[in-house]
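Chains as they are written, first to last, in the numbering used here: chain C, 1 to 206; chain R, 207 to 412.
Glycine included, every Cβ here is placed at the ideal spot set by N, Cα and C.
Dropping the structure here:
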């Protein structure tokens, strides 16, 4: 078979409402031997305890953020809860060309921008909690948010899930009820997408 | 979440050159708990040793075949090595409506017809041997074919692999080098396709 080892890299875009369990899922996916790399976002928000610059985020000043944005260095950017977040463009283009796959953790608007910019080179997955009640419990259990912020996140989650149903952004919906099941779903999507005929050149028996 | 358990059935269309290892792969897929049903084709060829009518094929006379074909009962039909084969339409329509998934084992022309008739309700997978040499070895090892038939099958395989590259028929390409790997690929495709957002209605957090 010809060219079976040569294909374009894929951008796996994963979104979920806060508390949807996405972070755990993404860490599992990266911990597995799927040779996935994580896209590291830029943000103007200060690091939380345990976060490492260059691994969790590139922590930048508002001025540096604006300079890079104006220069076209970001494929998408957004303000969330008074802080700015962005996805640097360069590493994505390099990975697609080299056949490396990247996992991106972005919100619905970010997914829409990535889909628009990268078309079928991007595969977008929406991770949803099994219910509003389950999401509320997870947010309270996490204990990092004040009551008003839990409510804000719940409202935002309902809007995001509705927006995620919109045609043309997400390819897959993963319900994060059981963690092992959800991780299995995510792995299956990654494995299957790598087998798509459209990502390869012509094949011939020789 | 609403409507997560309600989706249309999917037709998983699997094709491979003779000797590509497709039969083993399909049996594994059906033996697993993927709740896949096998579409049983009609054929005018006589049963081989061990084949059971209604399980392996519906064995019919040329006259009965023609009557059903003329009545529009087949979604696709073909002549292969002097015998006629066809896929009955009724069970497929019923399965899609009821949300049951069907596995179909057809050639490239059959896959083209199914794709045309069922659009995105069909997912087409082409299984290829790792090389022409590997295919030749498998055909000879099988020992069911005379030398001339081995050559006919090899020629046919080269044509089929070229045709399978044609845009718009197959969604996935599985290289059947290692059997466990290939079965894992097939399972991943089935699992991922069931998660496609387009197969569900709108979702909402409630």
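To test your reading of the DSSP string, which unbroken alpha helix (DSSP H) runs of 4 or more residues are found completely within the segment 90-158 of chain C?
Segments of the alpha helix (DSSP H) lying fully in the segment 90-158 of chain C: 90-98, 108-118, 132-142.
So for residue 166 of chain C, helix, strand or coil by DSSP?
Residue 166 of chain C falls in the coil class under three-state DSSP.
Does the Cβ of residue 101 of chain C have 16 or more other Cβ atoms within 10 Å, making it buried, or fewer, making it exposed?
So residue 101 of chain C counts as buried.
For residue 25 of chain C, return the contacting residues in chain R, with the cut-off set at a CB-CB distance below 7 Å.
Here the premise fails: no neighbours, minimum Cβ distance about 13 Å.
Could you spell out the range, first to last residue, of the alpha helix (DSSP H) harbouring residue 74 of chain C?
Element bounds for residue 74 of chain C: not the alpha helix (DSSP H) but the beta strand (DSSP E), 74-80.
Is residue 244 of chain R near the ligand MN, in the sense that its beta carbon is under 6 Å from a heavy atom of that ligand?
Within the structure as shown, the ligand MN is missing, as the structure has no ligands at all.
Would you mind working out which of C/199, C/158, C/206 sits nearest residue 119 of chain C, comparing C-alpha positions?
It is C/199 whose Cα lies nearest to the Cα of residue 119 of chain C.
If we ignore side chains and look at the alpha-carbon of each, how far apart do residue 86 of chain C and residue 379 of chain R end up?
Approximately 35 Å, taken between the alpha carbons.
Expressed to the nearest angstrom, what Euclidean distance is found between the alpha-carbon atoms of residue 235 of chain R and residue 184 of chain C?
When rounded, the distance between both Cα atoms is 17 Å.
Just verifying my parser: in three-state terms, what is the DSSP assignment at residue 51 of chain C?
Residue 51 of chain C falls in the coil class under three-state DSSP.
Would a C-beta distance cut-off of 7 Å place residue 329 of chain R and residue 399 of chain R closer than the cut-off?
Yes, the Cβ-Cβ distance between residue 329 of chain R and residue 399 of chain R is below 7 Å.
For residue 189 of chain C, which residues in chain R fall below 9 Å Cβ to Cβ?
Those are 394, 397, 398, 401, listed as they occur along chain R.
Leaving out five residues on either side along the sequence, give the residues of the same chain with a beta carbon under 7 Å from the beta carbon of residue 32 of chain C.
If we look at residue 32 of chain C and ignore the five residues flanking it on each side, its Cβ neighbours are 187.
Using 10 angstroms around the beta-carbon of residue 223 of chain R, count the other beta-carbons present and answer buried if the total reaches 16, otherwise exposed.
When all chains shown are included, residue 223 of chain R counts as buried.
Starting from the C-beta of residue 46 of chain C, find all residues in its chain whose C-beta is less than 8 Å away, skip the five residues before and the five after it, and write them out in chain order.
Here the set comprises 59.
Anything in chain R within Cβ reach of residue 173 of chain C, meaning under 7 Å, just list it in chain order.
Within chain R, the residues near residue 173 of chain C are 401, 403, 406, 409.
Tell me which residues share the same chain as residue 213 of chain R and place their Cβ nearer than 6 Å to its Cβ, disregarding the 5 neighbours each side in the sequence.
Only 305, 405, 406 meet the Cβ criterion.
Buried or exposed: where does residue 303 of chain R fall if 16 or more other Cβ atoms within 10 Å of its Cβ makes it buried?
So residue 303 of chain R counts as exposed.
Can you find a C-beta in chain C that's less than 7 Å from the C-beta of residue 371 of chain R?
Yes, residue 371 of chain R lies at the interface with chain C (some Cβ there is under 7 Å from its Cβ).
Among the residues of its own chain, which have a CB less than 8 Å from the CB of residue 15 of chain C, if the five just before and after it don't count?
Result list for residue 15 of chain C: 22, 105, 106, 107, 108, 110, 111, 124, 125, 126, 127, 160, 164, 170, in chain order.
Between residue 290 of chain R and residue 283 of chain R, how many whole angstroms is the CB-CB distance? I'm expecting something under 8 Å.
With 8 Å as the limit, residue 290 of chain R and residue 283 of chain R qualify as a contact, their Cβ atoms being about 6 Å apart.
In angstroms with no decimal places, state the Cα-to-Cα distance between residue 323 of chain R and residue 180 of chain C.
The alpha-carbon atoms of residue 323 of chain R and residue 180 of chain C are separated by roughly 37 Å.
Just mark residue 208 of chain R as buried or exposed, buried being the case when its beta carbon has 16 or more other beta carbons within 10 Å.
For residue 208 of chain R, the predicted model reports a pLDDT of 48, less than 50, meaning its position is unreliable; a value from the coordinates is still stated below. Exposed.
Go ahead and pull the three-state DSSP assignment for residue 17 of chain C.
Correct three-state label for residue 17 of chain C: coil.
What span of residues does the beta strand (DSSP E) with residue 88 of chain C cover, start to end?
That run of the beta strand (DSSP E) goes 83-88.
With a CB to CB cut of under 7 Å and the five nearest residues on each side skipped, what residues in its chain are close to residue 195 of chain C?
Cβ within range, chain order: n/a, list empty.
Rounded to the nearest angstrom, what separates residue 423 of chain R and residue 205 of chain C at their Cα positions?
The structure shown does not extend to residue 423 of chain R, since chain R is modelled only from 207 to 412, so the question has no answer here.
When you compare the CB of residue 376 of chain R with every CB in chain C, is at least one pair closer than 7 Å?
For residue 376 of chain R, the answer is yes, since a Cβ of chain C falls inside 7 Å of its Cβ.
Roughly how many whole angstroms lie between the Cα atoms of residue 249 of chain R and residue 197 of chain C?
Roughly 30 Å between the two C-alpha positions.
Measure the CB-CB distance between residue 135 of chain C and residue 150 of chain C and report whether it falls below 7 Å.
No, the pair does not count as a contact, with Cβ atoms beyond the cut-off.
Using only the alpha-carbon positions, how far apart do residue 113 of chain C and residue 57 of chain C sit?
Roughly 19 Å between the two C-alpha positions.
Count the other CB atoms within 10 Å of the CB of residue 347 of chain R; is the residue buried (16 or more) or exposed (fewer)?
Exposed, since its Cβ has fewer than 16 Cβ neighbours within 10 Å.
Please check the pair residue 301 of chain R and residue 215 of chain R, which I expect to be a contact at CB under 8 Å, by giving their CB distance rounded to whole angstroms.
Indeed they touch by this definition, with Cβ atoms about 4 Å apart.
When we look at the beta-carbon of residue 233 of chain R and count the other beta-carbons within 10 Å, is it buried (16 or more) or exposed?
Classification of residue 233 of chain R: exposed, given that the 10 Å Cβ count is below 16.
Tell me, please, whether the CB atom of residue 338 of chain R is closer than 7 Å to any CB atom in chain C?
Answer yes: the Cβ-Cβ gap between residue 338 of chain R and chain C drops below 7 Å somewhere.
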